[in-house]
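A.B. asks:
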Amino acid sequence: MTSTPSSVSETVAAIAALPKVVLHDHLDGGLRPQTIIELAAEIGHDLPATDADALGAWFVESADSGSLVRYLETFDHTIAVMQTREALVRVARESVLDLAADGVVYAEQRWAPEQHLRAGLSLQDTVDAVQAGLEEGVALAAAQGRTIRVGQLVTAMRHADRWQEIAELAVANRSNGVVGFDIAGAEDGFPPSRFPGVWQYLADQNFPVTIHAGEASGVSSIAEAVHLGQASRVGHGVRLIEDISFDEHHGTAALGQLAHWVRDHQIPLELCPVSNLQTGAAGTSIAAHPITRLKELDFAVTLNTDNRLMSGTSMTHEMTLLVEQAGWTLEDLYDVTATAAWSAFIHHDERRALIDDVILPGYQEIQGAQL
Ligand SMILES: [Zn+2]
Numbered sequence: 001m002t003s004t005p006s007s008v009s010e011t012v013a014a015i016a017a018l019p020k021v022v023l024h025d026h027l028d029g030g031l032r033p034q035t036i037i038e039l040a041a042e043i044g045h046d047l048p049a050t051d052a053d054a055l056g057a058w059f060v061e062s063a064d065s066g067s068l069v070r071y072l073e074t075f076d077h078t079i080a081v082m083q084t085r086e087a088l089v090r091v092a093r094e095s096v097l098d099l100a101a102d103g104v105v106y107a108e109q110r111w112a113p114e115q116h117l118r119a120g121l122s123l124q125d126t127v128d129a130v131q132a133g134l135e136e137g138v139a140l141a142a143a144q145g146r147t148i149r150v151g152q153l154v155t156a157m158r159h160a161d162r163w164q165e166i167a168e169l170a171v172a173n174r175s176n177g178v179v180g181f182d183i184a185g186a187e188d189g190f191p192p193s194r195f196p197g198v199w200q201y202l203a204d205q206n207f208p209v210t211i212h213a214g215e216a217s218g219v220s221s222i223a224e225a226v227h228l229g230q231a232s233r234v235g236h237g238v239r240l241i242e243d244i245s246f247d248e249h250h251g252t253a254a255l256g257q258l259a260h261w262v263r264d265h266q267i268p269l270e271l272c273p274v275s276n277l278q279t280g281a282a283g284t285s286i287a288a289h290p291i292t293r294l295k296e297l298d299f300a301v302t303l304n305t306d307n308r309l310m311s312g313t314s315m316t317h318e319m320t321l322l323v324e325q326a327g328w329t330l331e332d333l334y335d336v337t338a339t340a341a342w343s344a345f346i347h348h349d350e351r352r353a354l355i356d357d358v359i360l361p362g363y364q365e366i367q368g369a370q371l
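full-length UniProt numbering applies: residue 1 is where the sequence shown begins, and numbers increase by one.
(1) Drop a sphere of 10 angstroms on the beta-carbon of residue 379, count the other beta-carbons inside from all chains shown, and report buried for 16 or more, exposed for fewer.
(2) With distance defined between alpha-carbon atoms, name the residue in Gly-30, Leu-23 and Asp-76 nearest to residue 373.
(3) Measure the C-alpha to C-alpha separation of Phe-190 and Arg-158 and round it to an integer number of angstroms.
(4) Could you check whether the Cβ of Asp-306 sits closer than 6 Å to any heavy atom belonging to ligand 1?
(5) Assuming contact is defined by CB atoms lying nearer than 7 Å, are Leu-309 and Gly-30 in contact in what I supplied?
(6) CB of Pro-48 to nearest heavy atom of ligand 2: below 6 Å?
(7) Assuming Gln-131 contacts Asn-176 under a Cβ cut-off of 8 Å, what Cβ separation, rounded to an integer in Å, is found between them?
(8) Which value, in whole angstroms, describes the spacing of the CA atoms of Arg-263 and Phe-299?
(9) If I measure Cβ to Cβ from Ile-366 and keep anything under 6 Å in the same chain, skipping five residues before and after, which residues do I get?
(10) Around the Cβ of Leu-117, are there at least 16 other Cβ atoms within 10 angstroms (buried) or fewer (exposed)?
(11) Is the beta carbon of Ala-287 sitting closer than 7 Å to the one on Gln-325?
(12) Taking the beta strand (DSSP E) that Arg-233 belongs to, which residues open and close that run?
(13) Would you tell me roughly how many angstroms separate the C-alpha atoms of Met-314 and His-227, rounded to the nearest one?
(14) If we count the other Cβ atoms within 10 Å of its Cβ and call it buried at 16 or more, is Asp-188 buried or exposed?
(15) Can you give me the C-alpha to C-alpha distance between Gln-200 and Val-234, rounded to a whole angstrom?
(16) Output the distance between the C-alpha atoms of Arg-149 and His-250, rounded to the nearest integer angstrom.
(17) Tell me which residues share the same chain as Ala-231 and place their Cβ nearer than 7 Å to its Cβ, disregarding the 5 neighbours each side in the sequence.
(18) Does the distance from the C-beta atom of Ala-353 to that of Val-21 stay below 7 Å?
(19) Check whether the Cβ atoms of Thr-305 and Pro-268 lie closer than 7 Å to each other.
(20) Taking the DSSP output, what are the residues bridged to Gln-152?
(21) Assuming Gly-362 contacts Leu-18 under a Cβ cut-off of 8 Å, what Cβ separation, rounded to an integer in Å, is found between them?
(22) Between the C-alpha atoms of Tyr-334 and Gly-103, what's the straight-line distance to the nearest angstrom?
(23) Assuming Ala-184 and Thr-155 make a contact with CB atoms under 8 Å, what is their CB distance in whole Å?
(24) Are the CB atoms of Glu-248 and Gly-218 within a distance shorter than 7 Å?
(25) How big is the Cα-Cα spacing for Ser-9 and Thr-292?
(26) Out of Leu-360, Asp-125 and Trp-58, point me to the one whose CA is closest to Leu-330's CA.
(27) Can the beta-carbon of Asn-276 be found less than 7 Å from the beta-carbon of His-26?
(28) Return the chain-ordered list of same chain residues with a C-beta closer than 7 Å to the C-beta of Thr-35, the five sequence neighbours on each side being excluded.
(29) Compare the Cα-Cα distances from Glu-135 to each of Tyr-71, Asp-51 and Val-96 and report the closest residue.
(30) Near Ile-244, what residues of its chain come up, given a Cβ to Cβ distance below 6 Å and the 5 sequence neighbours on each side ignored?
(31) Taking its Cβ as the centre, do 16 or more other Cβ atoms sit within 10 Å of Pro-290, making it buried, or is it exposed?
(32) Nearest CA to the CA of Thr-147: which residue from Ala-170, Leu-99 and Ala-167?
(33) What residue range is occupied by the uninterrupted beta strand (DSSP E) comprising Val-21?
(34) Round the Cβ separation of Val-127 and Gln-164 to the nearest angstrom and send it over; I've been treating them as touching at under 8 Å.
(35) Is Ile-183 helix, strand or coil by DSSP?
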């Protein structure tokens, strides 16, 4: 692919309209503040602020605070208001609409059914509710002239002991919108090897897996995710940078064995720059975030939002930051978008159609880009 150089300002102006793919976006991390306020009022749940702007700011500040306690508290509030079918439907529907408005044409939204059982829903009820909301959102977006496809990634919480049960829930719903399985939560101390049989079960079912790894923990965690966990993608994986030695003087990089393995197999990394800066997982600035180096080294890099509410972010925002602060071009944005599409948990012919029919034409519409 070649492209004519575009100025930073031209690229920034074009970003909102670009077709985007997001593979790592938490449903419980992307609620609208006003929705939280309304749902909390219905159930008498106390919030730290009752004005939408102030509440939105509270979420970002808490996630920015450097305090894990405050960061986790943010999810206490979002999960608290997502305990009924009606609430799950609404949150899922609005999430699709917000992604579509951001230019997203394909999304995988992850969430943990086991966290939504407090008001009496069954695990299956929660999956059905989220699926109904996603489908409503897709239909409403279509009515607004925006085409988006969304799949569910069903997550098991690492600290809980329900991995096998949740994996079976995911597989049972593969024709009900669930496209993959994930584990999330405390990375340290709860590795994939806790329940090795889960990964073999999923492999036997030919069911796609992505695993959060290389965010709070390092290289060994990524190794376990891709080897024992047989993960097709790695959630974050940003600390793979620790397995690469850079010689700044000569401008060279020496990859360790795991880094070679991940690159040789082009295992996609679901990188989330703004989130990483907040949690201190990697990088001290967008300019210094490992995503740019990993991309230059030809890893299979994808760009993601993680938690839009807590990070005050969107795909447009992430892309704009990379262009303005890390020197990314329109071609770079196309690369990570195409990589994400090729890494989506849909079939190969569907991935090809997504790229050929949606993403490439969207980029070709942008003046100055010849892909
Ligand atoms: Zn995540």
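Note that beta-carbon positions come from the ideal geometry of N, C-alpha and C, so glycine has one too.
C.D. replies: In brief:
(1) The question about residue 379 has no answer here: the residues shown for the chain are numbered 1 through 371.
(2) Since the first and last residues shown for the chain are 1 and 371, residue 373 lies out of range.
(3) Between Phe-190 and Arg-158, the alpha-carbon positions lie close to 6 Å from each other.
(4) Yes - ligand 1 has a heavy atom lying nearer than 6 Å to the Cβ of Asp-306.
(5) Yes, they are a contact pair.
(6) Absence of ligand 2 from the depicted structure is noted, with ligand 1 being the only ligands included.
(7) Beta-carbon to beta-carbon, Gln-131 and Asn-176 are separated by about 6 Å, close enough to satisfy the 8 Å threshold.
(8) Roughly 5 Å between the two C-alpha positions.
(9) Taken in chain order, the residues that qualify are Ala-14.
(10) Counting Cβ neighbours within 10 Å, Leu-117 comes out exposed, since fewer than 16 surround it.
(11) Less than 7 Å divides the Cβ of Ala-287 from the Cβ of Gln-325.
(12) 233-236 is the extent of the beta strand (DSSP E) around Arg-233.
(13) Per the sequence presented here, residue 314 reads as Ser, with Met not at that position. Each residue's CA atom was taken as its position, placing Ser-314 and His-227 some 31 Å apart.
(14) Exposed, since its Cβ has fewer than 16 Cβ neighbours within 10 Å.
(15) Near 17 Å, if we compare the C-alpha coordinates of Val-234 and Gln-200.
(16) For Arg-149 and His-250, the distance between alpha carbons rounds to 45 Å.
(17) Beyond the five residues adjoining it in sequence on each side, Ala-231 comes within less than 7 Å, by CB distance, of Val-209, Thr-210, Ile-211 and Ala-225 in the same chain, given in chain order.
(18) For Ala-353 and Val-21, no; Cβs fall outside 7 Å.
(19) Going by C-beta atoms, Thr-305 is not nearer than 7 Å to Pro-268.
(20) In the DSSP output, where bridge partners are listed per residue, Gln-152 has Gln-109 and Val-178.
(21) Indeed, because the Cβ distance is near 6 Å, the residues count as touching under 8 Å.
(22) Rounded to whole angstroms, Tyr-334 and Gly-103 show a C-alpha spacing of 13 Å.
(23) Beta-carbon to beta-carbon, Ala-184 and Thr-155 are separated by about 5 Å, close enough to satisfy the 8 Å threshold.
(24) No, Cβ-Cβ distance for Gly-218 and Glu-248 is not below 7 Å.
(25) Each residue's Cα considered, the two are about 20 Å apart.
(26) Checking every option, the nearest Cα to that of Leu-330 belongs to Leu-360.
(27) One thing to note: Asn-276 has its Cβ no nearer than 7 Å to the Cβ of His-26.
(28) Scanning its chain for C-beta atoms nearer than 7 Å, with the 5 sequence neighbours on each side dropped, one finds around Thr-35 the residues Arg-90, Val-91 and Glu-94, in chain order.
(29) Among Tyr-71, Asp-51 and Val-96, the Cα nearest to that of Glu-135 belongs to Val-96.
(30) Ala-253, Leu-255 and Ala-259.
(31) Counting C-beta atoms within 10 angstroms of its own C-beta, Pro-290 has 16 or more neighbours from the protein chains shown and is therefore classed as buried.
(32) Out of Ala-170, Leu-99 and Ala-167, the CA that lies nearest to the CA of Thr-147 is found in Leu-99.
(33) Looking at the DSSP string, the run of the beta strand (DSSP E) that includes Val-21 is 20-26.
(34) The C-beta distance from Val-127 to Gln-164 rounds to 16 Å, too long to meet the 8 Å contact threshold.
(35) Three-state result, Ile-183: strand.
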